[in-house]
Each structure stands twice: as structure tokens, then as C-alpha cells.
Amino acid sequence: MNWNKFFTGTADHGDYGNEEETETEDDEDITDSTETVSTDKKSHFLGMHFHKFSHNDLPQQCIKLAFLIINITTLIAGIVGIVTSIWIFTDNRIMTRLIDQRFHVTSLLFISFIGSLVSSLGILGVLRRRRKFLNIYALCYLTFLCIIFISAIMSFWIFEEITKRIQFDMNTAIEGYHSSSWNREAWDNTHRYLKCCGVKSAMDWAKYHVEIPTSCCSKSIGQCLQMTEAVAYKSGCLKNAILLLKSHIHTISISVLLIFLTILMSFVLVLCILARMKRQD
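Start counting the sequence shown at 1; every next residue gets the next number (full-length UniProt numbering).
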């Protein structure tokens, strides 16, 4: 302070200016702090931390969202597969066909159950942040990828085994056509479904000293009162069964490819989520 100006009554405008500037700066600091507190309060509104959803965390949120969408879709598809399998099991007209139907339906039921179970595990692991669940999920999906890869390599061998299994079932059932009601119903359903007769032709029934069943009739009912090879289906059921399987190969291949890509994508996403959890810990 300038004492000469003080005693002479001259005002020191510079000091007052400094004091006013100091007070102004203090007011600005108070205002900034108030705004900061207000911002912090807003960021914690209703217990939600809005500042956590910054642009830096956007990729992680997208990964979790994509993971949840894929697994929820897989869970729904698995439930539909389980319901469909159970419905087919209860339909005797489908299950008694001699085209290894039980093996296919059982495979669908098993795959649907395992897929829905593992998907549920992945969803719970992400929502509850359980690393153990996600580790099990990743291990299961890695196993699925290996199984699909091995099955693709052995697909020709698997197809041959299915063909042999169908032929064995047909030969076994034709011997007991009259002695077993199940064999009789199985052959009748197969004849009507595949428009065929016998294993290779209608002549197969004569080999086992069995009359040609009326279900082999390819003409009107009046012409089939006396069953002969002339009115029976010309094609054998084994050939038609193989043609039926081959007609579904493209559909099965596309389905397996989509399943493989879905599993691969889910596996990559779960690895990203686990890596992020490890960095946060």
C-alpha cells in the first residue's frame, strides 16, 4: 500500500482494481466449482454413471450388445429346436419311417439343448460379470468349432455310415413284416412317404417269402386288390432314401456354415470381453 497517497487522501485505484480482480477470480472459482458439483450430481442421477458411457467405451458396449443379441437369438433357436424335436418324437408316422429318423431327431434335440444351455451361460456371464461363466462358455464354443471342423472332414464317411444304417434297418424290418406291428407300420409309412417298394425293388419281398404289401400300390385301390410287381412302385426305398438325403445336403451345408460362423463370432466376442475384464481388474 502507498502510504503517501493514503495520508494525502489520494485513492489507490490500482490496489482496488487488484482486489476487485481477486474477488472476481474467487467468484469465478466458486462458480466453476458449483458447476462441477452440479455436473457430478447429474452424472450420478438415479444411480446411473453417465460419464462411464464415453466415446472411449463405445466399442466395448457394442461388443457386449452384439454378444447378447447373438446369444439371445441362439437361445430362442435352441428352444424352438427342443420343442420341434419333442413334437417329432410324439408323431409315430414320422418316427416309424425307415430313414434313420430317430438319429436325426435325437441329434437335433441334443444340439438344441446344448446350444441353449451354453448361450444362457454366456448371457448370465455378461450381465452378472462372471468370468468363470464366460471361461466355460469360451471353452464350450472352442470345442464346438473343433467338432464342426472334424465333422466336415469326415462328412463323406458319416454319409456312408448313415446309408449302411438305413439299409440294415430296412433288411431287418422286411424279415419281420408280419411278425412285428412296428416293422409293418414302419414299412407302410416308408412306402407311402418315399413312393417306393422294398429295399431295392418290389422283388425283395419274394426273397423273404412275403407278399407285396398294399402300401406299395402305385395305382388306384381297385387295381391293387391283388398286389403284383406290375402295380407296385418300381423304385426301391433305399435308393429314394439316399436321394432324399442328398437333396438336403445343400440345406444342411448352409446351415452348418451359418452355425460355424455364429460360433466363431461368439468365440471372438467373448475373448474380447474377457480381455477387457482382465484389464479392468
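Ideal Cβ positions, reconstructed from N, Cα and C, are used throughout, including at glycine. Predicted, not measured: the structure shown is a model, and the values here were computed from it.
For residue i, count neighbouring Cβ atoms within 10 angstroms of its own Cβ and tell me buried if that reaches 16, exposed if not.
i, result
"Phe103", "exposed"
"Ile153", "exposed"
"Lys278", "exposed"
"Asp40", "Low confidence applies here, because Asp40 scores a pLDDT of 45, under 50, leaving its location unreliable; read the following figure in that light. Asp40 is exposed by the Cβ-count criterion."
"Thr74", "buried"
"Thr190", "buried"
"Tyr141", "buried"
"residue 288", "The structure shown does not extend to residue 288, since the chain is modelled only from 1 through 281, so no value can be given for it."
"Phe6", "Any reading at Phe6 is ruled out, since the residue's pLDDT is 41, under 50, leaving its predicted position unreliable."
"Asp204", "buried"
"Leu117", "exposed"
Shortest alpha-carbon distance to residue i belongs to which of the options?
i, options, result
"Val231", "Cys216, Ile79, Ile252, Ile242", "Cys216"
"Tyr193", "Cys237, Ile136, Gly78, Trp182", "Cys237"
"Val256", "Ser179, Phe149, Ser218", "Phe149"
"Glu211", "Lys195, His178, Thr172, Thr262", "His178"
"Ser112", "Lys246, Phe144, Ile79, Leu127", "Ile79"
"Leu243", "Phe159, Ser151, Lys64, Val268", "Phe159"
"Ser218", "Met203, Lys234, Asp204, Tyr208", "Lys234"
"Asp169", "Leu142, Thr73, Trp187", "Trp187"
"Ile94", "Asp204, Trp182, Cys197, Asn71", "Trp182"
"Leu127", "Leu65, Cys196, Leu109", "Leu65"
"Ile86", "Phe267, Ser107, Ile69", "Ser107"
"Asn71", "Gln280, Thr262, Leu271", "Thr262"
Which residue comes first and which comes last in the alpha helix (DSSP H) that contains residue i?
i, result
"His104", "101-127"
"Gln223", "No alpha helix (DSSP H) holds Gln223; DSSP gives it neither H nor E."
"Lys239", "237-247"
"residue 294", "Beyond the ends of the chain as shown, which are 1 and 281, falls residue 294; an answer cannot be given."
"Met154", "Run containing Met154: none; DSSP gives neither H nor E here."
"Lys207", "204-207"
Can you give me the C-alpha to C-alpha distance between residue i and residue j, rounded to a whole angstrom?
i, j, result
"Thr228", "Ile76", "51 angstroms"
"Ala275", "Trp157", "40 angstroms"
"Thr214", "Ala206", "14 angstroms"
"Ile162", "Thr172", "15 angstroms"
"Lys239", "Lys200", "7 angstroms"
"Glu175", "Ile114", "38 angstroms"
"Ala138", "Gly81", "22 angstroms"
"Ile63", "Ile136", "19 angstroms"
"Ile252", "Ile273", "31 angstroms"
"residue 368", "Leu109", "Since the displayed the chain opens at 1 and closes at 281, residue 368 lies outside it and no answer follows."
"Val268", "Cys146", "15 angstroms"
Kindly provide the ranges of any alpha helix (DSSP H) runs that are 4 or more residues long and lie completely inside the segment 70-99, ordered along the chain. 92-95
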